[in-house]
Amino acid sequence: MRRLSTQLSRTCALDRAELPLAEVVVTEPLRAAREPVDTPKAQAKVATTEQAPALPAGTVPFVEVADYEPSASVLSMVPAKLIRQHRLLPLRLSGKKLTVGLVAPRNQGAVAELKRALQTVDLEVVAISADDFYHALIQHKLDPAFAPKQAKTGGYSINPEQLTFETAADTDREQNPPARAVGDEVIKFVNKMLVAALDREASDIHVEPTSGAPRIRFRVNGVLQDWNEPVPSAATMKTVAARIKVLAGLDITERRLPQDGRIGVNAGKRELDLRVSTLPANRGEKIALRILEAGATRKLQQIFFEDKALSAVRRALDRPYGGIIVGGPTGSGKTSSLYAMLNERRSTRPDTNILTVEDPIEYRLQGVTQVQVSASHGLTFARALRSLLRQDPDAIVVGETRDQETAVLALEAAMTGHLLLTSIHANTAVAALQRLENLGCSRALIAQSVALILVQRLVRRLCAVCRKMEPLPAALAEALVVRKVIDRSQAAMPMPIALGCEACNHTGQAGRAVVIEALTLTDDLRNAIAAGRPLPDIEALALQSGALLPFSYYASALLGRQLVGATELLGALAE
Numbered sequence: 023m024r025r026l027s028t029q030l031s032r033t034c035a036l037d038r039a040e041l042p043l044a045e046v047v048v049t050e051p052l053r054a055a056r057e058p059v060d061t062p063k064a065q066a067k068v069a070t071t072e073q074a075p076a077l078p079a080g081t082v083p084f085v086e087v088a089d090y091e092p093s094a095s096v097l098s099m100v101p102a103k104l105i106r107q108h109r110l111l112p113l114r115l116s117g118k119k120l121t122v123g124l125v126a127p128r129n130q131g132a133v134a135e136l137k138r139a140l141q142t143v144d145l146e147v148v149a150i151s152a153d154d155f156y157h158a159l160i161q162h163k164l165d166p167a168f169a170p171k172q173a174k175t176g177g178y179s180i181n182p183e184q185l186t187f188e189t190a191a192d193t194d195r196e197q198n199p200p201a202r203a204v205g206d207e208v209i210k211f212v213n214k215m216l217v218a219a220l221d222r223e224a225s226d227i228h229v230e231p232t233s234g235a236p237r238i239r240f241r242v243n244g245v246l247q248d249w250n251e252p253v254p255s256a257a258t259m260k261t262v263a264a265r266i267k268v269l270a271g272l273d274i275t276e277r278r279l280p281q282d283g284r285i286g287v288n289a290g291k292r293e294l295d296l297r298v299s300t301l302p303a304n305r306g307e308k309i310a311l312r313i314l315e316a317g318a319t320r321k322l323q324q325i326f327f328e329d330k331a332l333s334a335v336r337r338a339l340d341r342p343y344g345g346i347i348v349g350g351p352t353g354s355g356k357t358s359s360l361y362a363m364l365n366e367r368r369s370t371r372p373d374t375n376i377l378t379v380e381d382p383i384e385y386r387l388q389g390v391t392q393v394q395v396s397a398s399h400g401l402t403f404a405r406a407l408r409s410l411l412r413q414d415p416d417a418i419v420v421g422e423t424r425d426q427e428t429a430v431l432a433l434e435a436a437m438t439g440h441l442l443l444t445s446i447h448a449n450t451a452v453a454a455l456q457r458l459e460n461l462g463c464s465r466a467l468i469a470q471s472v473a474l475i476l477v478q479r480l481v482r483r484l485c486a487v488c489r490k491m492e493p494l495p496a497a498l499a500e501a502l503v504v505r506k507v508i509d510r511s512q513a514a515m516p517m518p519i520a521l522g523c524e525a526c527n528h529t530g531q532a533g534r535a536v537v538i539e540a541l542t543l544t545d546d547l548r549n550a551i552a553a554g555r556p557l558p559d560i561e562a563l564a565l566q567s568g569a570l571l572p573f574s575y576y577a578s579a580l581l582g583r584q585l586v587g588a589t590e591l592l593g594a595l596a597e
């Protein structure tokens with residue numbers, strides 16, 4: 023369990039000798055006022071993205087909600103009113119034992135009321151942070167403010183008519199921005215399309231030209247799904263494109279050249295950024311919209327589930343200098359991982375001067391100076407990076423390292439006293455070393471500057487509602503053995519599968535996770551790289567010494583936690 027002193031040490035950068043006094047400073051005024059230390063006021067004293075546990079050491083274990091991923095069926099076991107009233111959260115049902123997290127686990131009245139409501143199960147009480155509780159409250163729509171209003175909105179969680187927009191050309195939010203090119207019917211159709219995409223938790227919207235009405239598709243969990251809503255006769259490809267262009271501040275008369283823009287959307291409690299791209303095609307313009315939740319960066323432990331990988335990332339982030347390289351194919355979540363690391367560094371070292379250079383800026387962060395690349399104005403990654411280094415930075419984020427000048431500048435910065443976070447296109451950790459070499463970085467520079475390489479691939483998570491355990495077909499189990507995901511002794515054991523239900527739209531999938539490979543550069547590896555040893559030899563040395571956590575190791579952890587199915591993992595490992 024995390025003690026309060028541990029949290030203070032991590033969040034306030036205190037020395038060991040200062041911790042006893044710090045604990046008194048935090049808790050004594052509350053005790054003097056007869057206010058328990060597990061209240062929001064107490065937690066605010068050490069407020070960070072990771073809240074301190076709300077009780078003295080040695081009583082109830084403190085856990086992270088992200089480690090449990092409570093399913094809809096488990097959450098439904100406790101009335102929502104009781105959940106809100108006592109700030110509690112059902113986390114997991116194992117046999118007849120229900121694990122319940124409480125923000126204030128010493129509240130005996132809450133525990134007693136919970137026991138009366140759930141007389142057929144045994145209770146295991148754990149402590150959770152207020153931050154995690156309120157995040158879950160929103161995520162799982164346990165607050166009436168987030169409940170679907172079927173009667174008023176036609177089946178959508180948000181009334182499409184209540185969307186408000188912030189365009190690139192006009193920062194004032196309006197109910198209906200200028201729409202000279204289209205009528206009310208098209209405006210309502212586009213609003214409905216946006217809300218439908220949000221309800222499905224889509225990452226992208228594709229508006230595709232056809233000979234008639236536009237085809238609308240949403241990318242959900244990495245897979246394109248058709249939206250089969252009837253299209254009104256007025257909503258032609260031209261009018262839908264015009265409406266989206268108006269919102270994005272683009273030229274509605276330009277149909278021969280690609281255009282890029284953004285739309286700010288206020289959808290109830292959610293602030294969203296839509297990245298808009300138009301592309302001229304033979305039947306009209308194709309439009310793609312990338313959906314980004316403003317400020318919705320994830321915690322490290324929500325991305326990196328396995329303890330060894332998480333520890334490796336945190337060790338690298340605690341360094342005063344060195345490079346953390348995140349690799350992977352396009353669309354593998356590299357940017358999300360970079361932002362999660364950036365948030366961790368920002369919360370644990372609030373005195374850090376952090377600067378980023380990005381193309382585009384996907385999430386706006388408080389306390390971080392973010393620079394948008396603009397090649398048309400001559401502001402390239404390399405030019406922006408040179409200027410950043412004159413701004414006395416402690417940590418630098420380079421959204422993508424894609425050319426020699428940027429690569430050399432970034433690694434030299436990592437070697438000369440700066441923490442560097444950047445991404446590159448590489449499919450394995452060793453391939454990332456090769457990629458840096460191909461970009462013109464010397465072996466000596468790579469060996470001296472790089473601290474950690476993470477390469478990730480996205481996999482679809484199993485739906486927690488319809489997930490169950492069953493033995494796998496022999497051929498599938500054998501493939502897992504060959505890939506070293508499981509031992510041969512485990513081949514006959516039940517493995518997680520999901521056949522589909524209403525909660526996951528009968529896909530068996532709900533959300534995505536990363537499967538990663540992590541390479542920590544030790545002194546032996548640095549010497550081998552600098553000496554010019556072949557990359558296969560370096561990989562073998564890393565595996566032998568434990569410096570390399572391969573994809574198969576992480577895949578085994580995901581399978582063991584019942585988060586991802588065997589077929590999905592094998593597909594990721596085959597890339």
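Our numbering applies: residue 23 is where the sequence shown begins, and numbers increase by one.
Glycine residues also receive a C-beta, built at the ideal position from the N, C-alpha and C atoms.
All figures in this text were calculated on a predicted structure; none of them were measured in a lab.
- Message: Give the list of continuous beta strand (DSSP E) stretches no shorter than 3 residues that lie fully inside the segment 527-583.
- Response: The segment 527-583 contains these whole beta strand (DSSP E) runs: 531-542.
- Task: Measure how close the beta-carbons of Leu474 and Ala334 come, nearest whole angstrom, since I'm counting them as under 8 Å.
- Result: Indeed they touch by this definition, with Cβ atoms about 6 Å apart.
- Bounding residues of the alpha helix (DSSP H) (the contiguous stretch that carries Arg292): Counting along the chain, Arg292 falls outside any alpha helix (DSSP H), though it belongs to the beta strand (DSSP E) covering 292-303.
- Ile209 versus Thr258: straight-line alpha-carbon distance, rounded: Here the alpha carbon of Ile209 sits roughly 12 Å from the alpha carbon of Thr258.
- Task: Out of Phe573, Gly587, Ala466, Asn250, state which residue places its alpha-carbon closest to the alpha-carbon of Ala499.
- Result: Residue Gly587 is the option with its Cα nearest to Ala499.
- Task: Just the C-alpha distance for Val262 and Ser299, rounded to the nearest angstrom, thanks.
- Result: Taking the CA atoms as reference points, Val262 sits about 14 Å from Ser299.
- Nonlocal neighbours in the same chain, by C-beta distance under 8 Å from Gln172, ignoring five residues either side: Bear in mind that a pLDDT of 36 at Gln172, under 50, signals an unreliable position, so the number given afterwards is only what the model happens to contain. Hits under 8 Å: none found.
- With burial defined as no fewer than 16 other Cβ atoms inside 10 Å of the residue's Cβ, what is the status of Arg457: buried or exposed? Counting Cβ neighbours within 10 Å, Arg457 comes out buried, since at least 16 surround it.
- Which term fits Gly421, buried or exposed, when burial requires 16 or more other beta carbons within 10 angstroms of its beta carbon? Burial call: buried.
- Item | Euclidean distance between Cα positions of Glu86 and Ala569 | Their backbone Cα atoms lie some 27 Å apart in a straight line.
- 6 Å Cβ shell around Pro182 - same chain, five flanking residues per side excluded: So the qualifying residues of the chain are Asn213, Lys214, Val217.
- Reduced DSSP secondary structure (H/G/I, E/B, other) of Ser98: Here Ser98 sits in coil by DSSP.
- Task: Return yes when the Cβ of Leu124 is within less than 8 Å of the Cβ of Pro112, no when it is not.
- Result: At the C-beta level, Pro112 and Leu124 stay beyond 8 Å of one another.
- Message: Does the segment 523-531 come into contact with the segment 480-488, if we say contact requires no fewer than three beta-carbon pairs (one atom in each stretch) closer than 8 Å?
- Response: Contact between the segment 523-531 and the segment 480-488 is present, with at least three C-beta pairs closer than 8 Å.
- When every heavy atom of the ligand ZN is checked, does at least one fall within less than 7 Å of the C-beta of Leu458? You won't find the ligand ZN in this model; it holds no ligand whatsoever.
- Item | Extent of the continuous alpha helix (DSSP H) run through Ala334 | Note, Ala334: alpha helix (DSSP H), 329-340.
- Item | Assigned secondary structure, Leu115 (DSSP; H/G/I helix, E/B strand, else coil) | Three-state DSSP puts Leu115 in a strand.
- Go ahead and pull the three-state DSSP assignment for Leu140. Three-state DSSP puts Leu140 in coil, outside helix and strand.
- Task: Give a yes or no on contact between the segment 547-564 and the segment 351-360, applying the rule of three or more CB pairs nearer than 8 Å.
- Result: With fewer than three CB-CB distances shorter than 8 Å, the segment 547-564 does not count as touching the segment 351-360.
- Message: Please classify Lys308 as buried or exposed, where buried requires at least 16 other C-beta atoms within 10 Å of its C-beta.
- Response: It counts as buried.
- Give the straight-line distance between the Cα atoms of Thr450 and Gly349, rounded to the nearest whole angstrom. The alpha-carbon separation between Thr450 and Gly349 amounts to approximately 7 Å.
- Message: Can you tell me whether Asn365 is buried or exposed? The criterion is at least 16 other CB atoms within 10 Å of its CB, across all chains shown.
- Response: Buried, since its Cβ has 16 or more Cβ neighbours within 10 Å.
- Message: Any contact between the segment 329-346 and the segment 248-257? By contact I mean 3 or more CB pairs, one from each, below 8 Å.
- Response: Output reads no: the segment 248-257 does not touch the segment 329-346.
- Message: Tell me whether the segment 437-444 and the segment 408-424 touch, counting them as touching only if at least three CB pairs, one residue from each stretch, are closer than 8 Å.
- Response: A contact exists between the segment 437-444 and the segment 408-424.
- Task: Counting only runs of 3+ residues fully inside the segment 355-385, write out the beta strand (DSSP E) ranges in chain order.
- Result: Uninterrupted beta strand (DSSP E) stretches at least 3 residues long and entirely within the segment 355-385 occur at 376-380, given in chain order.
- Between Ser358 and Ile325, which are expected to be in contact by the criterion C-beta below 8 Å, what is the C-beta distance as a whole number of angstroms? The pair is a contact, with the Cβ atoms about 7 Å apart (cut-off 8 Å).
- Reduced DSSP secondary structure (H/G/I, E/B, other) of Thr186: In the three-state DSSP reduction, Thr186 falls in the strand class (E or B).
- Message: So for Ala513, helix, strand or coil by DSSP?
- Response: Of the three classes helix, strand and coil, the one that applies to Ala513 here is coil, per DSSP.
- Around the C-beta of Gln281, are 16 or more other C-beta atoms found within 10 angstroms, so that it is buried, or is it exposed? Label assigned to Gln281: buried.
- Query: With distances taken between CB atoms, is the gap from Arg284 to Leu296 smaller than 8 Å?
  - Reply: Cβ atoms of Arg284 and Leu296: closer than 8 Å.
- Quick one: any contact between the segment 569-581 and the segment 528-543, if contact means 3 or more CB pairs under 8 Å? Yes, they touch.
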